[in-house]
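First up is the structure itself, then whatever we jot down about it.
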Amino acid sequence: MKPFTEDVALQWAMRECARREYCRHDLAGKMRAKGLDEQGIARILDRLTSEQFLDEARYAQAFVHDKMAYNGWGRLKVREALRMKRLADADIRHALADIDDDSYRRSLRRLLKSKAASIDFDPTNAQEAYKATMKLLRFAASRGFEYEVASRAIAELQQEDS
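Under the working numbering, think of the first position of the sequence shown as -6, with each following residue one higher.
Put into structure tokens, the structure is as follows:
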């Protein structure tokens, strides 16, 4: 097996970045795991950035889209995940600002409707209805949706069912 030198790492990183979006933090972690030293990692990341293989704003937008469309995450969970990847606050804010509010609410309603179908309760019993509402709110919170948006969506779903 070839040693993971700086030249080999650069070629490997270019191939990886050509396949999908990466952030500096993730790519650095992969190179660190392969045994590359910190100075080499920094040089490679700087070159990848200058040649636009890496673009953290572009990564943030792709991440937001994927997590919301495919994983059903809300803004809060996406924001925290991006912070854990050490992206700049400006890139995170910009990526989250591109979210269409109507599709965001429709996505949440679909998730809540699906979850509500799995909750067995008697809607005529106020105590059971309250417990079901709390379960839905906790579910929405676990997915990273804001309380206000979730409570409004739950109220709308309950009005449809009445």
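The C-beta atom is built at its ideal place from N, Cα and C for all residues, glycine as well.
Everything numeric in this text was worked out from a predicted model, so none of it was measured.
Residue state for F132 is assigned as helix, using DSSP reduced to three classes.
Note on geometry: alpha-carbon atoms of I147 and L69 lie some 18 Å from one another.
One thing to note: A81 has its Cβ within 8 Å of the Cβ of E49.
The C-alpha of R102 is placed about 23 Å away from the C-alpha of Q120. Around the beta-carbon of M77, fewer than 16 other beta-carbon atoms lie within 10 Å, marking it exposed. Between L129 and L105, the C-beta gap is smaller than 8 Å, which places the two residues in contact. No residue range can be given for Y15, since it is assigned to no alpha helix (DSSP H) and is classified by DSSP as neither H nor E.
In this structure I112 is exposed. Its beta-carbon is surrounded by fewer than 16 other beta-carbon atoms within 10 angstroms.
Remark: C-beta atoms of R36 and E(-1) approach each other more closely than 8 Å. Counting along the chain, L29 sits inside no alpha helix (DSSP H), nor does DSSP assign it H or E at all. Every alpha helix (DSSP H) stretch that sits fully inside the segment 35 to 103 and reaches 4 residues is listed by chain position as 49 to 64, 68 to 77, 82 to 90.
If you draw a 10 Å sphere on the C-beta of Y15, you find 16 or more other C-beta atoms in it, and that means buried.
Residues of the same chain with their beta carbon placed closer than 8 Å to that of N118 are lacking, with the five preceding and five following residues left out of the count. Taken atom to atom, the span from the alpha-carbon of E139 to that of R25 is near 36 Å.
The beta carbons of A53 and D93 sit about 16 Å from each other, so the pair does not count as a contact at 8 Å.
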